[in-house]
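Chemist: One structure, pasted below without further comment.
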Amino acid sequence: MPDTVTPDSTGLPGATAYEATERTVPTRAKERASYDRETVHAILDQAYLCHLGFVRDGAPVVLPTLFGRVGERLYVHGSTGSRPLRATGAADPGLAVCLTVTHVDGLVLARSAFHHSMNYRSVVVHGTARTVTDPEERRIALDAIVDQVVPGRSKDSRPADAKELAATAVIRLDLDEVSAKIRTGGPNDEPEDLSLPHWAGVVPVAPAYAAPVPSGDLDPAVRVPDYLTAPRPDSGLPSAR
0 MPDTVTPDST GLPGATAYEA TERTVPTRAK ERASYDRETV HAILDQAYLC HLGFVRDGAP
60 VVLPTLFGRV GERLYVHGST GSRPLRATGA ADPGLAVCLT VTHVDGLVLA RSAFHHSMNY
120 RSVVVHGTAR TVTDPEERRI ALDAIVDQVV PGRSKDSRPA DAKELAATAV IRLDLDEVSA
180 KIRTGGPNDE PEDLSLPHWA GVVPVAPAYA APVPSGDLDP AVRVPDYLTA PRPDSGLPSA
240 R
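For the sequence shown, numbering that gives the first Met the number 0 assigns the number 0 to the initial residue and increments by one for each residue that follows.
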């Protein structure tokens, strides 16, 4: 359970920090781990691609997929025919999963091959995924997934109709057992290597958004919406105009 319970902006229970568990404490570089709620949310909110891991027929499976966050819950959607979503609905109380999100912020080049690294921000969530059946929660979840990719897009597109909703499954994963891990800074070269004639430092990596390319059958009267040309507050990077 979280240690200090406070309401978040959605009205769902929140906390200043998540409780560390055996699964969320890293075996290496423990000083890079963070359980701060705002840090975790910030890393999640700046991403839209996650990797969902689970066990199928005794073997591990990891799938890349889109996600959306609403308060202390993550939502993933897919075809009702997909194996993990079918398994989530068939299992009781649900499907044990591990969901990860990672941002690469820089390539860390050291003088020695051993000390090459990356600057990154990541979140790992362990828990039980459950199928969402409530119509209103499904609507909120699907809008959140669309807006996670392009904020504001759900209000500027046709919502799913009854046939599309029938073909779409949504699963929910609560943010109960979760941790972030962050690396910043330069290379950690050995003292005896500092005089070697090899360049050392950090090559920054950041997402870039090019100018939107209209569909070939788009009515020329339909202008590019403001949310595609305005600076993106989630990344701090301006989109191309």
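All C-beta atoms, glycine included, are put in the ideal place defined by N, C-alpha and C.
None of the values given here were measured: they were computed from a predicted structure.
#1: Give the DSSP-derived three-state secondary structure of L141 in the structure shown.
#2: Name the DSSP beta bridge partners of S214, please?
#3: What would DSSP say about R182, mapped onto helix, strand or coil?
#4: At least one CB of chain D closer than 9 Å to the CB of A58: is that the case?
#5: Do K162 and V123 have their beta-carbon atoms positioned less than 9 Å apart in this structure?
#6: Quick one, are the C-beta atoms of L106 and V24 less than 9 Å apart?
#7: Give every residue of the same chain whose Cβ lies closer than 6 Å to the Cβ of R110, excluding the five residues on either side of it in the sequence, and list them in chain order.
#8: Thinking just about the alpha-carbon of each residue, which of L227, Y226, T183 is nearest to the one in V103?
#9: Report all residues from its chain with a CB closer than 8 Å to the CB of S178; omit the five preceding and five following residues, and keep chain order.
#10: How would you write the range of the alpha helix (DSSP H) that H40 sits in, first residue to last?
#11: Quick check for students: name the residue ranges of the alpha helix (DSSP H) that lie wholly in the segment 105-154, counting only runs of 4 or more.
#12: Between D133, F66, Y74, Q147, which lies nearest to A165 when the distance is taken from Cα to Cα?
#13: Just to confirm before moving on: does the CB-CB distance between T99 and G52 stay below 9 Å?
#14: Distance, Cα to Cα, G77 vs T130?
#15: At the level of alpha carbons, what is the spacing between R137 and Y74?
#16: Does the beta-carbon distance from A248 to V69 come in below 9 Å?
#17: At 3 residues or longer, and completely inside the segment 49-77: list those beta strand (DSSP E) runs for me, N to C.
#18: For the alpha helix (DSSP H) holding L164, just list the boundary residues, first then last.
#19: Residues in the same chain with beta-carbon distance under 6 Å from S8, minus the five sequence neighbours each way, listed in chain order, please.
Modeler: Per the coordinate set shown:
#1: Looking up residue 141 in the sequence shown gives position 142. L141 falls in the helix class under three-state DSSP.
#2: Against the sequence shown, residue 214 aligns to sequence position 215. DSSP, once it has assigned bridges, lists no residue as partnering S214.
#3: Indexing the sequence shown from 1 puts residue 182 at position 183. If DSSP states are grouped into helix, strand and coil, R182 belongs with the strands.
#4: Looking at the structure shown, chain D is missing, and only one protein chain is on hand.
#5: Here residue 123 is taken as the residue at index 124 of the sequence shown, counted from 1. Here residue 162 is taken as the residue at index 163 of the sequence shown, counted from 1. Not a contact, by the Cβ cut-off of 9 Å.
#6: To locate residue 106, count along the sequence shown from 1; it is residue 107. To locate residue 24, count along the sequence shown from 1; it is residue 25. No; because the gap between Cβ atoms is not below 9 Å, this pair is not in contact.
#7: Here residue 110 corresponds to residue number 111 of the sequence shown, with the count starting at 1. Within the same chain, R110 has close Cβ partners D188, D192, L195, H197, A199.
#8: Counting from 1 along the sequence shown, the entry for residue 103 is found at position 104. Ranking L227, Y226, T183 by CA distance to the CA of V103 puts T183 first.
#9: The residue given as residue 178 occupies position 179 in the sequence shown. Here the set comprises Y17, A19, T23, V24, P25, A32, S33, Y34, V39, V122, V123.
#10: What you label residue 40 is simply residue 41 of the sequence shown in a count that begins at 1. Where H40 is concerned, the enclosing alpha helix (DSSP H) stretches over 36-44.
#11: Look at the segment 105-154 and you find these whole runs of alpha helix (DSSP H), each 4 residues long or longer: 134-148.
#12: As a first step, residue 165 is located in the sequence shown; it is residue number 166 there, counting from the start. Cα-wise, what sits closest to A165 is D133.
#13: Translated into the one-based positions of the sequence shown, residue 99 becomes position 100. Translated into the one-based positions of the sequence shown, residue 52 becomes position 53. Against a cut-off of 9 Å, the Cβ pair of G52 and T99 comes out as a contact.
#14: Mapped onto the sequence shown, residue 77 falls at position 78. Mapped onto the sequence shown, residue 130 falls at position 131. C-alpha separation (whole angstroms): 11 Å.
#15: The count along the sequence shown starts at 1 and reaches residue 137 at position 138. The count along the sequence shown starts at 1 and reaches residue 74 at position 75. Whole-angstrom Cα-Cα distance: 9 Å.
#16: For residue 248 there is no data in the structure shown, the boundaries of the chain being 0 and 240.
#17: As far as the segment 49-77 is concerned, its whole beta strand (DSSP E) runs of at least 3 residues are 58-69.
#18: Counting from one through the sequence shown, the residue named residue 164 turns up at place 165. Note, L164: alpha helix (DSSP H), 161-165.
#19: By 1-based counting over the sequence shown, the position of residue 8 is 9. Caution applies to S8, whose pLDDT of 35 falls short of 50 and renders its modelled position unreliable; the value that the coordinates give is listed next. Result list for S8: empty, nothing under 6 Å.
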